[in-house]
Amino acid sequence: LARVWVGVFGHVSPRKNLDLVVEALRRCGANDYGLLVAGKVDESELSRCGASIEKFREAGGEIIFDSRLLSDGDLDSAIGCVSVVAIAHSSEGPSGILGKAAAAGVNVAAAGALSLREDIDRLQAGFWSPLTVEDFAQALKSAAAHQKLEKRDLANGRDFATALTSIDTSEM
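This is the structure we're talking about:
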């Protein structure tokens, strides 16, 4: 059987809860999952999550790290290569990664921030859960089992900024 590839993208700091994502994937069945972490990963975050990463690998999971600042094209390509984008934020705020995943037709498993829940519902882009390992594991399983979404047109820069910030940029 092929692995289901899940991705965590962008600047990976404690806000992204990498350890929770890894633990949830282990609970899903590590042999069946791979994790692509693409974007700048804080060294302190790797240290903090080391035990979770080790347990995931020992259970048969595979993790690929591409720790660098990604161009927009590289980020879009990386998102398009996974079956599920994992977004587990411990703070409120819009997620450009969620928007990119929805535009690419990639299912999202999101947890934590209520703003993510609102965006998931509005965009019909995947599944949201509370920020716990058990609940997020279920969201990941649901997203992985869900059929691929239709690709959507990306908004232009002005529309994207307006959607993310709720500020009308038309008069700027």
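All residue numbers for the sequence shown refer to my numbering, where the first residue is 1 and numbers rise by one. Ideal placement from N, C-alpha and C gives every residue a C-beta, glycine not left out. Quick caveat: nothing in here was measured; it's all calculated off a predicted structure.
Candidates the options: closest to residue i by CA position
i      : options                           : result
Asp32  : Phe127, Asp76 and Ala2            : Ala2
Leu114 : Glu150, Ile87, Ala51 and Cys28    : Ile87
Glu62  : Gly29, Gly34, Val21 and Lys16     : Gly34
Leu46  : Leu25, Leu20 and Pro94            : Leu20
Gly93  : Arg27, Arg117, Val22 and Val8     : Arg117
Val6   : Cys49, Lys55, Arg68 and Val106    : Val106
Glu150 : Ala111, Leu69, Gly80 and Asp72    : Gly80
Leu131 : Ser13, Val4 and Asn17             : Asn17
Asp135 : Gln147, Lys148, His146 and Ala109 : Ala109
Asp42  : Ser67, Ala30, Leu36 and Gly29     : Ser67
Lys148 : Phe127, Ala137 and Gly96          : Phe127
Residues bridged to residue i (per DSSP)
i      : result
Ala109 : Ala86 and Phe127
Phe9   : Ala38
Asp66  : Ala38
Unbroken beta strand (DSSP E) run spanning residue i, endpoints
i     : result
Gly61 : Element bounds for Gly61: n/a, residue is neither H nor E.
Rounded C-alpha distance that separates residue i from residue j
i      : j      : result
Val82  : Ala51  : 24 Å
Phe65  : Ala38  : 6 Å
Leu154 : Ala103 : Residue confidence is low: Leu154 scores 49 on pLDDT, short of 50, so the model does not pin down where it sits. Its coordinate-derived value is still stated next. Going from the Cα of Leu154 to the Cα of Ala103 covers about 6 Å.
Ser166 : Gly99  : For Ser166, the pLDDT reaches just 49, beneath the cut-off of 50, and the residue's location in the model is therefore unreliable, leaving the point undetermined.
Gly60  : Ile53  : 11 Å
Ser77  : Phe9   : 11 Å
Pro14  : Asp72  : 23 Å
Ser91  : Glu58  : 30 Å
Leu69  : Val4   : 25 Å
Gly112 : Ser129 : 7 Å
Leu123 : Leu140 : 17 Å
Val22  : Asp119 : 23 Å
Val133 : Lys40  : 24 Å
Asp121 : Ala24  : 22 Å
Leu75  : His11  : 11 Å
Ile97  : Ala137 : 20 Å
Ser142 : Ser44  : 31 Å
CB-CB length for residue i against residue j, believed under 8 Å
i     : j      : result
Val84 : Ala144 : 5 Å
Arg27 : Phe56  : Wrong, their Cβ atoms sit about 10 Å apart, outside the cutoff.
Limits of the alpha helix (DSSP H) - the one that residue i falls within
i      : result
Ala145 : Val133 to Ala145
Gly93  : First-last for Gly93: undefined, no H or E at that position.
Leu75  : Asp72 to Gly80
Asp19  : Leu18 to Gly29
Min CB distance residue i to chain E below 8 Å
i      : result
Ala137 : Absent here is chain E; the protein component of the structure consists of one chain.
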